[in-house]
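Chains A and B, in that order, give the protein sequences.
If you're matching positions, the first sequence starts at 186 in our numbering and goes up one per residue.
If you're matching positions, the second sequence starts at 338 in our numbering and goes up one per residue.
Just so it is clear, CB atoms sit at the ideal spot from N, CA and C, and this is done for glycine as well.
None of the values given here were measured: they were computed from a predicted structure.
Some notes on the structure that comes next.
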Amino acid sequence: MSADKSPAAYWSANIRVITICLIIWALVSFGFAILLRPLLAMLPITIGGVDLGFWFAQQGSILTFIVLIFYYTWYMNRLDREFGVDEE
Amino acid sequence: MSQFTLNLIVVGASFALYIGIAIWARAGTTSDFYTASRGVNPIVNGAATAADWMSAASFISMAGLIAFVGYGNSSFLMGWTGGYVLLALLLAPYLRKFGRFTVPEFIGDRFYSQGARIVAVICLLVISITYVIGQMTGAGVAFSRFLEVQNTTGLFIASAVVFIYAVLGGMKGITYTQLAQYCVLITAYTIPAVFISMQLTNNPLPPLGLFSTHAESGLPLLTKLDQVLVELGFHDYTGLHTTKLNMVLFTMSLMIGTAGLPHVIIRFFTVPKVADARKSAGWALIFIALLYLTAPAVGAMAKLNIITTIYPDGTAAEPIRYDERPDWMRSWEQTGLLAFEDKNNDGRIQYYNDRSEDFAAIAEARGWEGNEVVTFNQDILVLANPEIAQLPGWVLALIAAGGLAAALSTAAGLLLAISSAISHDLLKSVLMPKITDKQELLAARISMAFAIALATYLGMNPPGFAAQVVALAFGLAAATLFPALMMGIFSKKMNTAGAVAGMLVGLLSTVLYIFTYLGWFFIPGTNMLPNTPDNWLFGVSPLSFGTIGAILNFATAYIVMKLTADPPEHIQELVESIRVPRGAAGAVDH
């Protein structure tokens, strides 16, 4: 983390983590579950007799979404304290 | 004890609970009524949001929706959950920090324009009213099916119950009844699911059962399902049978539509802090996922179970005789949701895809003269589950209470969004700004009563297009409110002209595209082009258009913003302030 504690630095750190989370969000749903499903199907991994893409479409993406929100919450709580903008 | 008495007792007990909560959680101020005074625990709010979000359609129809299409309809699963990531990252914390009562209020203040606020009110009313029709109809149907009363009587009972806790308690009453309703609906959904999963896969957890071994055949469950479907001329369950483009656009429309639905957004105004708003979205998604991970399992398992019941010795052998069909089929035939017709007069039930040209030769060779399961309503997969699994009567009674809980909790959330837009955004802010808090509270209660009356009326006389309007609601939320809210937070320079132009372009383009293919105001025969893939612009289905509407909204807003003056200094400061959490508690009593 940088020494810059300005609101602008806080905001750009926030935008950075949002961008990373949304890339993962899109990758597991639009990517793994739909567009990249044929690629994943080439891997020698199956879950319950079906290729990985199907699992991402029905379960994997939802589980990833939950992890993403809690990760973001945890990250932002830390960031809020670090920049002194938390609510305590 | 008869099933009817049992249903009556369980549903009656759940209603008594909701009314008890309503009396305990009366609203004393407008802050109570609109936002439960921002005192709701984030986990409680998560459960309330889940009940608010999961409608009668999620509860009764979702498993069937997925089971009858397979992989392609995974869009519903991803779309209706992925929206919560957008809410948690892009909207909820900032709107909570802003600390007001309604969604149009944010748009009006941020874009410093009553005009923008009124456009937002119009979008909100169109979205929420179309959505509430489906809920009221769903509640009426659930009543008539389980409690053997007339549809209309059922609707009146449902309205009366919602009236008591919504008018009395506002958001405060709604929140705590939604918490109770969540508990009822998730219990009702899970119990039969666990039993069917045990029966088919020996795994008590349905989401794991879906990806494990089918006990009877020793094959993976999904492989077995693919196999029997293909053997009967249907397309396989796990394959892609739509275009990738539409699957992506439809999933995206559901995601941004979810994030833009006002009745979901206002739930995040009820928590004490900005950090709570983020956390609460995560909990909401956990509570939603409990049902959404179970639904595809229930769908696939029930489907396989029904096929193997019809073909007990495999699809190559003869199907069961009509007079030897199981009891649950007999009882659901009486409801009209399931119907057989012995087309080749052999006394057996042939279930296959008679529209498949490849399969026609096989069917002919076997002496089949058409699919004999002439009606197979997708809702059966959930509704008949307790009987298929031979569970005791109280489980079926629980399903009745669960279906009603799902319908009523969503209806109440929508009604609050509608009534607060009327009493707060139209009355208090535009028409009668001088009214006191007490008068506004009375106005909010009266508009709630009117909203309930309107919803009841529309539920009794559904405009014949209830199923399609839900697509319109999502498309509009995606194309109008979501982009306006997001730009209000993430673009400091976004101004009135840009936001209003964007919302109007999003609104008009989406409405026009949907009406072109589905008919003006959904009146059959008034569509200008046939609703088939070769007529769709660039192959985009009208159901998937919300994404395009949102893109047009963003693009228009950006161009107009570049051509017009920057927003005033104090608005840019307002945006700065909503971007940081500190100070949110101060907005509790605004």
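- In this structure, Phe443/B is the residue among Ser668/B, Phe443/B, Phe548/B with its C-alpha nearest to the C-alpha of isoleucine 826/B.
- A Cβ-Cβ distance of about 7 angstroms is found for the pair isoleucine 772/B and alanine 780/B, placing them in contact under the 8 angstroms criterion.
- DSSP, reduced to helix, strand and coil, places valine 719/B within a helical segment of the structure shown.
- Among the residues facing chain B, alanine 226/A is not included, as its CB has no counterpart in that chain under 8 angstroms away.
- Contact annotation: tyrosine 257/A and leucine 630/B have beta-carbon atoms that are not nearer than 8 angstroms.
- Near chain A, meaning a CB-to-CB distance below 7 angstroms, the residues of the segment 401-412 of chain B are Tyr408, Ser411.
- In the three-state DSSP reduction, phenylalanine 448/B falls in the coil class, being neither helix nor strand.
- Cβ-Cβ separation between asparagine 262/A and alanine 479/B: approximately 41 angstroms, too far for a contact (criterion under 8 angstroms).
- Counting C-beta atoms within 10 angstroms of its own C-beta, tyrosine 854/B has 16 or more neighbours from the protein chains shown and is therefore classed as buried.
- Nearest to leucine 849/B by alpha-carbon distance, out of Gly876/B, Ser828/B, Leu813/B, is Leu813/B.
- With a beta-carbon spacing of about 5 angstroms, glutamine 340/B and glycine 730/B fall inside the 8 angstroms limit used to define contacts.
- One finds nothing in chain A with a Cβ atom closer than 7 angstroms to the Cβ of glutamate 906/B; even the nearest lies about 16 angstroms away.
- Counting C-beta pairs with one atom in each stretch, the segment 502-512 of chain B and the segment 197-206 of chain A have fewer than three that are closer than 8 angstroms, which means they do not touch.
- Of the other Cβ atoms in all chains shown, 16 or more fall within 10 Å of the Cβ of alanine 614/B; this residue is therefore buried.
- Contacts with chain A at 8 angstroms (Cβ-Cβ) include isoleucine 623/B.
- Straight across, the Cα-Cα distance linking leucine 424/B with phenylalanine 606/B is about 12 angstroms.
- When 8 angstroms is used as the limit between beta carbons, proline 192/A is near these residues of chain B: Glu913, Arg916, Val917, in chain order.
- One alpha carbon belongs to serine 395/B, the other to histidine 907/B, and they sit about 43 angstroms apart.
- Isoleucine 205/A has a beta carbon lying at 8 angstroms or more from every beta carbon in chain B.
- Chain B places no beta carbon closer than 8 angstroms to that of serine 197/A, leaving this residue out of the contacts.
- Cβ neighbours of lysine 829/B within its own chain (closer than 7 angstroms, five residues either side excluded): Gln909, Val912.
- Proximity of glycine 843/B to chain A, defined by a Cβ-Cβ separation below 8 angstroms, is not satisfied.
- Sequence-distant Cβ neighbours of glutamate 670/B in its own chain, meaning closer than 8 angstroms and more than five residues away, are Ala676, Phe677.
- Interface annotation, lysine 899/B: not in contact with chain A, CB-CB separation never under 8 angstroms.
- Neighbours of aspartate 271/A in chain B, taken as residues at a C-beta separation under 7 angstroms, are given in chain order as Pro918, Arg919.
- About 20 angstroms separates the beta carbon of leucine 751/B from that of serine 351/B, a gap too long to meet the 8 angstroms contact definition.
- Within its own chain, the residues whose Cβ lies closer than 6 angstroms to the Cβ of glycine 835/B, once the five positions on either side in sequence are excluded, are Ala894, Val897, Met898, listed in chain order.
- When Ala744/B, Lys610/B, Ser757/B, Val486/B are compared, the shortest CA-CA separation from phenylalanine 787/B is found for Ser757/B.
- For the set Asn890/B, Pro879/B, Gly839/B, Leu818/B, the Cα lying nearest the Cα of cysteine 460/B is the one of Leu818/B.
- Note that the C-beta distance between asparagine 832/B and threonine 884/B is not below 8 angstroms.
- Contacts between methionine 584/B and chain A, judged by CB atoms closer than 7 angstroms, involve Ile219 in chain order.
- Within 7 angstroms of the CB of leucine 253/A, the CB atoms of chain B belong to Val422, in sequence order along the chain.
- For threonine 712/B, the enclosing beta strand (DSSP E) starts and ends at 710-713.
- Within the same chain, Cβ atoms closer than 6 angstroms to the Cβ of isoleucine 915/B are found at Tyr431, Lys434, Phe435, the five residues on either side in sequence being excluded.
- Burial state of phenylalanine 532/B is buried, judged by a 10 Å Cβ sphere holding 16 or more other Cβ atoms.
- Contact fails between the segment 712-723 of chain B and the segment 741-750 of chain B, because fewer than three Cβ pairs, one in each stretch, are under 8 angstroms apart.
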